[in-house]
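Chemist: If you scroll down you'll find the structure; I have some questions about it.
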Amino acid sequence: MIKKILFLASAVLLNPASLAVGESTVSRTPPMGWNSYNCYGATVRENEVKANADFMAKNLLKHGWNYVVVDFCWYYPHYIKDTQNGGKQCQAPESEGGCYVPWLAMDAYGRLLPHTVKFPSATGDKGFKPLGDYIHGLGLKFGIHVMRGIPRQAVWDKSPVLGTDGITADMIADTSSTCSWLDNMYGLDMSKPGAQEYLNSLFQLYASWGVDFVKVDDLISFERDMPAHKSEIAGYAKAIENCGRQMVFSTSPGPTNIKDGDFFKQHANQWRVDGDFWDNWKSLHRAFERADSWTPHRGEGHWPDLDMIQLGRISRRGPVGKERESSFTPDEQRTHMTLWCIAKSPLFFGGDLTMINDQVMPLITNAKALEINQHGTEARQLYRKNDLVVWVSKLGDTNKWNVALFNLTEKTEVVEIDFSEIGLSGRREIVDIWQDKRLGSFDGKYKQSVVPHGSVLLQLE
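This note's numbering numbers the first residue of the sequence shown as 799 and each following residue consecutively.
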């Protein structure tokens, strides 16, 4: 028998002074944290989230890493092939006579809930509050992933919309608007009475759980230049304003159309600039063009997002390829982290933190590299010629400049920076940040041989 899981929650308004998303203080610098998707796909379990949170609190919080984000399908009862726990291989959702099987964890108002198969602490109508409390107790912040729209099963069930008089889910759904790669949801027709109220009710629920970060998926097509779901994006931003709790609003996937840059700056704290980023050179090479093109829209409270950091142990249970250490070479790993830092992308580690190796740890704890990401200003690509690339940024209010030299070619090349191109003259002391080594004093110019797919991160003092 299909059993609906009821959850009647009242909102806990933790910060009644509501701010617009673009005015929010939650992302004055690029957010930093861990996201479950790259190593667990749709099947992450509560104990795994806690283990990664424990590692972050002990080893990374002091370096600025503080968000723990549960990604993708936490409401779906995936059964893991695990002989110890008597599990079985997970099955994709299937429709049977208009009733979706299995029935997703959902309350009486059509709001999805964490499934207790994967999140036992959600038992007894608690939702994500116990897990949120655990993460907050470590001094960290809690985030979740959600899909755009309203559950199809809520539409089939004609679930009432909280905060309305007689409006039901089928009256606000746009059944012609669906996700091409996941069949759980319909889009919302934001012109219909009750659509905004539904989103408001979602974020009231998330506020009661103590959510600090929300990644909303299927808002932008994977295809370039396809229109974004702007009315729904604006609806999510408004719901965050209304919920009384500040939350980072992250839109996904990408690539976001550069023509919509002003819209996203107004409505979101971070937005994906490409499709899913994985551990291959083609994806990393393409990220340079994406990072450069979004430079005019990079700034306090709104950050173009190059996607998760593909280092460490990934794809432990999918979603792409076999379980593995990142396929990036050591030089590519450094290039990956260097670009993300100097381009001021949000930093969300995708690997399993509990299995991190000695090669990766220095890349994500280097104080000067992270300072560039968090406090660099005027970040921009200075030039790109024959796949030799130079990025620069200024270090806050100081007179120090950060310089990244990249060689995207297949052979060792000399990459050069002319100090006058960033308005500097005379001699400058130069520090190699990754090697933590002073290179000496240089007059007017600096050049260095850089290995294929490699990079050098410098600070000019």
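Virtual Cβ for every residue (Gly too), placed ideally from N, Cα, C.
1) Unbroken beta strand (DSSP E) runs of length 3 or more, entirely within the region 980-1066: which are they?
2) Is there contact here, the region 962-970 with the region 990-1001, by at least three beta-carbon pairs under 8 Å?
3) Please list the terminal residues of the continuous beta strand (DSSP E) segment that includes M904.
4) Using the DSSP secondary-structure output, state which residues sit across from H943 in a beta bridge.
5) Using the Cβ count rule (16 or more neighbours within 10 Å means buried), how would you classify Y865?
6) State the Cα-Cα distance for the pair H1322 and D1016, rounded to the nearest angstrom.
7) Just to check my reading of the structure: G1097 and S1124 have Cβ atoms closer than 8 Å, yes? What is that Cβ distance to the nearest angstrom?
8) How about F1047 and N1078: are their beta carbons less than 7 Å apart?
9) Measuring straight from C-alpha to C-alpha, what distance separates A840 and L902?
10) Helix, strand or coil: how does DSSP classify H1134 here?
11) Using only the alpha-carbon positions, how far apart do E892 and Y873 sit?
12) Take the Cβ of D880 as the centre, count every other Cβ of all protein chains shown within 10 Å, and call the residue buried at 16 or more, exposed below.
13) For I1170, report the span of its beta strand (DSSP E) as first-last.
14) In angstroms with no decimal places, state the Cα-to-Cα distance between G1116 and G1252.
15) Would V784 pass as a contact of V847 if the rule is Cβ separation under 7 Å?
16) Give the DSSP bridge partners of S1191, in chain order.
17) Classify I800 as helix, strand or coil using the three-state DSSP reduction.
18) Specify, as a first and last residue, the run of the alpha helix (DSSP H) that S975 falls within.
19) Under 7 Å Cβ to Cβ from Y838, same chain only, skipping five residues before and after it: list those, please.
20) Mind checking T1054: buried by the 16 CB within 10 Å criterion, or exposed?
21) For M904, which option in D955, G935, L938, L1137 has the closest C-alpha, if you only look at C-alpha atoms?
22) Quick one: is Q1261 buried, meaning 16 or more other Cβ sit within 10 Å of its Cβ, or exposed?
23) So what's H1100 in DSSP terms, helix, strand or just coil?
24) Spatial neighbours of Y1034 within its chain, please: C-beta separation below 7 Å, excluding the five flanking residues on both sides.
25) Around the C-beta of V1118, are 16 or more other C-beta atoms found within 10 angstroms, so that it is buried, or is it exposed?
26) Quick check: the Cα distance between K856 and R826, rounded to an integer number of angstroms?
27) Could you tell me which residues DSSP puts in a beta bridge with L1258?
28) In angstroms with no decimal places, state the Cα-to-Cα distance between G1073 and F870.
29) Figure out for me which residue from G1042, E1039, R1043, M1106 has the closest Cα to the Cα of W1069.
30) Does I803 pass the burial test, meaning 16 or more other C-beta atoms within 10 Å, or should it be called exposed?
31) Measure the C-alpha to C-alpha separation of L1258 and T1175 and round it to an integer number of angstroms.
32) Consult DSSP for L910 and reduce its assignment to one of helix, strand or coil.
33) Out of curiosity, what's the CA-to-CA distance linking T914 and G925?
34) Using alpha carbons as the reference points, say which of P1025, G1052, D1060, H1065 lies closest to K1036.
35) Evaluate Q1179 with the Cβ neighbour count: other Cβ atoms within 10 Å of its Cβ, from every protein chain shown; 16 or more gives buried, anything less gives exposed.
Modeler: On the basis of the coordinates in this document:
1) As far as the region 980-1066 is concerned, its whole beta strand (DSSP E) runs of at least 3 residues are 983-986, 1011-1015, 1046-1049.
2) With a cut-off of 8 Å on Cβ pairs, the region 962-970 is in contact with the region 990-1001, counting three or more such pairs.
3) Segment: none, M904 is in no beta strand (DSSP E) and carries neither H nor E.
4) For H943, which the question treats as bridged, DSSP gives the partners K1013.
5) Flag for Y865 reads buried.
6) Outside the displayed range of the chain (799 to 1259) lies residue 1322, so it cannot be described from this structure.
7) So it is not a contact: roughly 30 Å between Cβ atoms.
8) Between F1047 and N1078, the C-beta gap is not smaller than 7 Å, which leaves the two residues out of contact.
9) Looking at the backbone, the Cα of A840 and that of L902 are separated by about 14 Å.
10) In the structure shown, H1134 sits in a helix (DSSP, three-state: H, G or I).
11) Annotation note: pLDDT 43 at E892 (below 50); position unreliable, no value reported.
12) Legend: pLDDT at D880 = 39, less than 50; position of this residue unreliable, value from coordinates given subsequently. A residue is called buried once 16 or more other Cβ atoms fall within 10 Å of its Cβ, and D880, having fewer, is exposed.
13) Boundaries for I1170: no beta strand (DSSP E) harbours it, while the alpha helix (DSSP H) harbouring it runs 1165-1173, taken from the DSSP string.
14) Approximately 28 Å between the Cα atoms of the pair.
15) Only positions 799 to 1259 of the chain appear in the structure, and residue 784 is not among them; the question remains open.
16) According to DSSP, S1191 shares a beta bridge with N1200.
17) Caution applies to I800, whose pLDDT of 35 falls short of 50 and renders its modelled position unreliable; the model cannot decide the point.
18) Unbroken run through S975 is the beta strand (DSSP E), 971-976; no alpha helix (DSSP H).
19) Here the set comprises E846, R1114, R1115.
20) Flag for T1054 reads buried.
21) Closest option to M904, judged by alpha-carbon separation, among D955, G935, L938, L1137: D955.
22) An answer regarding residue 1261 cannot be provided, because it is not within the stretch 799 to 1259 covered by the chain.
23) Here H1100 sits in strand by DSSP.
24) Sequence-distant partners of Y1034 (beyond 5 residues in either direction) whose C-beta falls short of 7 Å from its own C-beta, in its chain, are L997, V1014, F1047.
25) Residue environment analysis places V1118 among the exposed positions, since fewer than 16 neighbouring C-beta atoms fall within 10 angstroms of its C-beta.
26) Roughly 24 Å between the two C-alpha positions.
27) For L1258, the beta-bridge partners assigned by DSSP are W1199, I1228.
28) Each residue's Cα considered, the two are about 16 Å apart.
29) Comparing Cα positions, the closest option is M1106.
30) Bear in mind that a pLDDT of 32 at I803, under 50, signals an unreliable position, so the number given afterwards is only what the model happens to contain. It is buried - the Cβ of I803 has at least 16 other Cβ atoms within 10 Å.
31) Distance between the alpha carbons of L1258 and T1175: 14 Å.
32) Strand at L910.
33) For T914 and G925, the distance between alpha carbons rounds to 9 Å.
34) Comparing alpha-carbon positions, the option among P1025, G1052, D1060, H1065 lying closest to K1036 turns out to be H1065.
35) Q1179 is buried by the Cβ-count criterion.
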